[in-house]
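Taking it in order: structure first as structure tokens, then the write-up.
Chains as they are written, first to last, in the numbering used here: chain A, 1 to 360; chain B, 1001 to 1360.
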């Protein structure tokens, strides 16, 4: 059983490799050669003020690669106001080095022997697969000649959104906006070290999106961050969270694709009366009937040729990374595991600890 | 993060302790102070002949003990015929010592900090919580003066069914039947070392149940093992698998309780056309509408006083251990973890391996 660290995964998986790993998985989704587990979000009381406990997991079976993935998040969540707007912020309260830590784990099993093959924190792979998924959408939905990218958000997810966009289109200019100046400037400084493109921080969302060919939101916002008036002909909008847009925004688009229209979602809440959990319980607009998820094609439809990408330069398109799936971790995980073994990266633990000699 | 072995758990948890650990959890179930995750059964192709891959998981949040459990089974399953009847048999194909091994794991998280607290194989706890659950049913449903126990089955589950029954009633005689002579005689020889009661192996099911006050099935059968004609006034029937009885058997009972009428069940199968998977896909009679699960009270109702136990010496009663829940592992796991820490049992692994310093 191989234990990998976030640092090791960062060395083993680039955004291009992640896109390459995900693509055949999405085609197998369209062919129904995979299984999703329901994505579960359980919310329960927690002793910390203004916080609640959230246990989330999502599984995915991908027989073609002989892998079963389960991604687990065990979080203490708060909804602080940042620049007047609520965000979803996980508090790092678990013990470990460097003070408190977050708890997100991926387990990979073999569908051939049943064995637990590997276990690793989810953080680095999580942002790579979100970025790679948005990148696959952008590749088929943004204009081929897109030149200006507007990035709303400068947190953990923004880095791979930027990297994926730069992988699939030759942008000449990137503008970055997020409410806190220090955060966005630090992000831009960091990004300039990695990417050879003109990247600037701007001090308003309007300045960010002005003249943009692609508007990519990468936020933890619990409320809309994309304004309908920003959507000019030819623009592509990319989201990583359903709350970033709403039915009005989607209504202005000519073509909307979701990352996934198929996975069962199961939300349960032991604290139904807690007022600050309403946004959490609602969890995006499809639950309230405003947007019917099943009426839209998804990335599997697109990559298997059952749905079309952009059809004209004038279309307003949108790609919504609406839900994570265990299959993304199965695909990226199978790739990383193969490479880690070939390069002898990671820490091997005794298989006996994670298996048994009695029929359970 | 504490790793425990099956052997360590066997030393830390008796059947009585397991019953004591489960009881308050069932009362919290009735009060809706817990959360179930959907129990997921995903079935997918596997390269071994006549086998398929089954990935199962069940979660449970028990805030009163600050614990979130997730139990995971990653199995290669076959349905061999034993004495002419199909069974569900998991093949030990995972690598490790003593040849092939099975893969069942329990993960315990803290609902206070999110941390992964412990990880251990499920086997020993799995049979203890099944036995303890049946024992809690038996305690309230069997006649107080029950003297003769018929045990159908002599495999892994039979041991804790016997132990639990002997814990809650003063049986004077136990008869054991299973189709293979060697297996049942070995089981009886082993049981005699543990229990001070008259235990005999018999060579037919009829001889086993004749005059019994309690008939306990503990099998892996995919077809009925309890005959309706065996059910005389005053008898209590105990099952660990829905297939052990059918609507006809339940129809002869005056009082039927399930272990759990509340948990969502999610079964998905990527091999829908494979003939030998029909039994698996059907998975008990409630899916075909023959028995309406939600019409029966369950153990949480019973232990919280919302449903009654046996009301007369003449009643025919039945307790159906119809589905496992992650909450059983949360309750037994929280108890074992506390005791393991107090006694410094188990192997501590670095918390950093199972947490992260980035917001996932």
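Note that CB positions come from ideal geometry on N, CA and C, so glycine has one too.
Quick caveat: nothing in here was measured; it's all calculated off a predicted structure.
Interface flag, residue 356 (chain A) vs chain B, CB-CB below 9 angstroms: Counting from 1 along the first chain, the entry for residue 356 (chain A) is found at position 356. True, the Cβ-Cβ gap to chain B drops below 9 angstroms.
Cβ-Cβ distance between residue 237 (chain A) and residue 224 (chain A) below 9 angstroms: Here residue 237 (chain A) refers to the residue found at position 237 of the first chain. Here residue 224 (chain A) refers to the residue found at position 224 of the first chain. No. Outside cutoff.
Where the beta strand (DSSP E) containing residue 1317 (chain B) begins and where it ends: Here residue 1317 (chain B) refers to the residue found at position 317 of the second chain. Residues 1317-1320.
Spatial distance of residue 1180 (chain B) from residue 1070 (chain B) (CA atoms): Counting from one through the second chain, the residue named residue 1180 (chain B) turns up at place 180. Counting from one through the second chain, the residue named residue 1070 (chain B) turns up at place 70. Spanning the two alpha carbons is a distance of roughly 35 angstroms.
Counted within 10 angstroms of its Cβ, other Cβ atoms place residue 1347 (chain B) as buried (16 or more) or exposed: Along the second chain, one-based indexing puts residue 1347 (chain B) at 347. Result: exposed.
is_contact[residue 53 (chain A), chain B] using C-beta, thresh 9 angstroms: On the first chain, residue 53 (chain A) is found 53 positions in, with the first residue counted as 1. Yes - at least one Cβ of chain B is within 9 angstroms of the one on residue 53 (chain A).
Reduced DSSP secondary structure (H/G/I, E/B, other) of residue 982 (chain B): In the structure as shown, chain B starts at 1001 and stops at 1360, and residue 982 (chain B) therefore has no counterpart that could be examined.
Cβ of residue 46 (chain A) within 9 angstroms of any chain B Cβ: As a position in the first chain, residue 46 (chain A) is number 46, starting the count at 1. So yes, residue 46 (chain A) belongs to the interface.
Beta-carbon proximity check, residue 240 (chain A) vs residue 134 (chain A), cutoff 9 angstroms: On the first chain, residue 240 (chain A) is found 240 positions in, with the first residue counted as 1. On the first chain, residue 134 (chain A) is found 134 positions in, with the first residue counted as 1. Cβ distance < 9 angstroms, so residue 240 (chain A) and residue 134 (chain A) count as in contact.
Residues that residue 1260 (chain B) contacts on chain A, provided the C-beta gap is smaller than 9 angstroms: Taking the first residue of the second chain as 1, we reach residue 1260 (chain B) at position 260. One finds nothing in chain A with a Cβ atom closer than 9 angstroms to the Cβ of residue 1260 (chain B); even the nearest lies about 15 angstroms away.
Close beta carbons around residue 1100 (chain B), own chain, < 8 angstroms, minus the five adjacent residues each side: Start at 1 with the first residue of the second chain, and residue 1100 (chain B) comes out as number 100. Contacts found: 1091, 1092, 1093 and 1094.
C-beta contact flag for residue 112 (chain A) and residue 1046 (chain B) at 9 angstroms: Numbered from its first residue, the first chain carries residue 112 (chain A) at position 112. Numbered from its first residue, the second chain carries residue 1046 (chain B) at position 46. Going by C-beta atoms, residue 112 (chain A) is nearer than 9 angstroms to residue 1046 (chain B).
9 angstroms Cβ cutoff met for residue 35 (chain A) and residue 14 (chain A): The residue you call residue 35 (chain A) lines up with position 35 of the first chain. The residue you call residue 14 (chain A) lines up with position 14 of the first chain. Not in contact: residue 35 (chain A) and residue 14 (chain A) (Cβ atoms no closer than 9 angstroms).
Buried versus exposed call for residue 107 (chain A) [16 or more other C-beta atoms within 10 Å across all chains shown]: Your numbering for residue 107 (chain A) matches position 107 in the first chain. Buried is the call here.
Minimum Cβ-Cβ distance from residue 1153 (chain B) to chain A less than 9 angstroms: Taking the second chain and counting its residues from 1, one reaches residue 1153 (chain B) at position 153. With 9 angstroms as the cut-off, residue 1153 (chain B) does not count as an interface residue toward chain A.
C-beta contact flag for residue 1005 (chain B) and residue 1121 (chain B) at 9 angstroms: By 1-based counting over the second chain, the position of residue 1005 (chain B) is 5. By 1-based counting over the second chain, the position of residue 1121 (chain B) is 121. Yes, they are a contact pair.
Check whether residue 142 (chain A) and residue 20 (chain A) have beta carbons under 9 angstroms apart: Within the first chain, residue 142 (chain A) is the residue found at index 142, counting from 1. Within the first chain, residue 20 (chain A) is the residue found at index 20, counting from 1. No, they are not a contact pair.
Simplified DSSP state of residue 18 (chain A), which is helix, strand or coil: As a position in the first chain, residue 18 (chain A) is number 18, starting the count at 1. If DSSP states are grouped into helix, strand and coil, residue 18 (chain A) belongs with the helices.
Alpha-carbon to alpha-carbon, residue 298 (chain A) and residue 17 (chain A): Position 17 of the first chain, counting from 1, holds the residue named residue 17 (chain A). Position 298 of the first chain, counting from 1, holds the residue named residue 298 (chain A). In a straight line, the C-alpha of residue 17 (chain A) is about 21 angstroms away from that of residue 298 (chain A).
Residue 236 (chain A) (DSSP reduced to helix, strand or coil): For the purposes of this step, residue 236 (chain A) is taken as the residue at position 236 of the first chain. Strand.
For residue 1265 (chain B), three-class secondary structure by DSSP: If you number the second chain from 1, residue 1265 (chain B) lands on position 265. DSSP places residue 1265 (chain B) in strand when its eight states are reduced to three.
Straight-line gap, residue 158 (chain A) to residue 65 (chain A) (C-alpha atoms, nearest Å): On the first chain, residue 158 (chain A) is found 158 positions in, with the first residue counted as 1. On the first chain, residue 65 (chain A) is found 65 positions in, with the first residue counted as 1. Cα to Cα, the separation comes out at about 29 angstroms.
Range of the contiguous beta strand (DSSP E) that encloses residue 1379 (chain B): The displayed coordinates of chain B run from 1001 to 1360. Any statement about residue 1379 (chain B) would go beyond what the structure contains.
Within chain B, partners of residue 159 (chain A) - CB distance below 8 angstroms: The residue given as residue 159 (chain A) occupies position 159 in the first chain. Chain B residues near residue 159 (chain A): none, gap ~11 angstroms exceeds 8 angstroms.
Separation of residue 127 (chain A) from residue 1281 (chain B), as counted between CA atoms: In the second chain, the residue the question calls residue 1281 (chain B) occupies position 281. In the first chain, the residue the question calls residue 127 (chain A) occupies position 127. Low local confidence applies: a pLDDT of 47 at residue 1281 (chain B) is under 50, so the model's placement there is unreliable, and no value is given.
Residue environment, residue 251 (chain A), which counts as buried when at least 16 other CB atoms sit within 10 Å: If you number the first chain from 1, residue 251 (chain A) lands on position 251. With fewer than 16 other Cβ atoms within 10 Å, it is exposed.
Cβ pair residue 28 (chain A), residue 53 (chain A) closer than 9 angstroms: Translated into positions along the first chain, residue 28 (chain A) becomes position 28. Translated into positions along the first chain, residue 53 (chain A) becomes position 53. Result no, Cβ atoms of residue 28 (chain A) and residue 53 (chain A) do not sit closer than 9 angstroms.
Beta-ladder partner(s) of residue 73 (chain A), from DSSP: Translated into the one-based positions of the first chain, residue 73 (chain A) becomes position 73. Answer is A:56 and A:104, bridged to residue 73 (chain A).
Neighbouring residues, chain B, relative to residue 101 (chain A) (Cβ below 7 angstroms): Within the first chain, numbered from 1, the residue matching residue 101 (chain A) stands at position 101. Within chain B, the residues near residue 101 (chain A) are 1355, 1356 and 1357.
Interface residues of chain A facing residue 1087 (chain B) [CB-CB closer than 7 angstroms]: To locate residue 1087 (chain B), count along the second chain from 1; it is residue 87. Residues of chain A passing the Cβ test: none, with the nearest at roughly 11 angstroms.
Per-residue contacts from residue 65 (chain A) into chain B (C-beta, under 7 angstroms): On the first chain, residue 65 (chain A) is found 65 positions in, with the first residue counted as 1. In chain order: nothing, as chain B lies at least about 11 angstroms away.
Exposure label - residue 354 (chain A); buried when at least 16 CB within 10 Å: By 1-based counting over the first chain, the position of residue 354 (chain A) is 354. A buried status is given to residue 354 (chain A), since no fewer than 16 other beta-carbon atoms sit within 10 Å of its beta-carbon.
Contact check, residue 201 (chain A) vs residue 176 (chain A), beta carbons under 9 angstroms: Start at 1 with the first residue of the first chain, and residue 201 (chain A) comes out as number 201. Start at 1 with the first residue of the first chain, and residue 176 (chain A) comes out as number 176. Yes. Within cutoff.
8 angstroms contact criterion, which residue 1096 (chain B) and residue 351 (chain A) should meet: CB distance rounded: Sequence index remark: in the second chain, residue 1096 (chain B) carries index 96 (1-based). Sequence index remark: in the first chain, residue 351 (chain A) carries index 351 (1-based). Going by Cβ atoms, the distance from residue 1096 (chain B) to residue 351 (chain A) rounds to 4 angstroms, so yes, they are a contact pair.
Within the stretch 1115-1145 of chain B, ranges of the beta strand (DSSP E) (whole runs, at least 3 residues): 1116-1121
Any chain A beta carbon closer than 9 angstroms to residue 1126 (chain B): Translated into positions along the second chain, residue 1126 (chain B) becomes position 126. Residue-level contact check: residue 1126 (chain B) touches chain A, since one or more beta carbons of chain A fall below 9 angstroms from its beta carbon.
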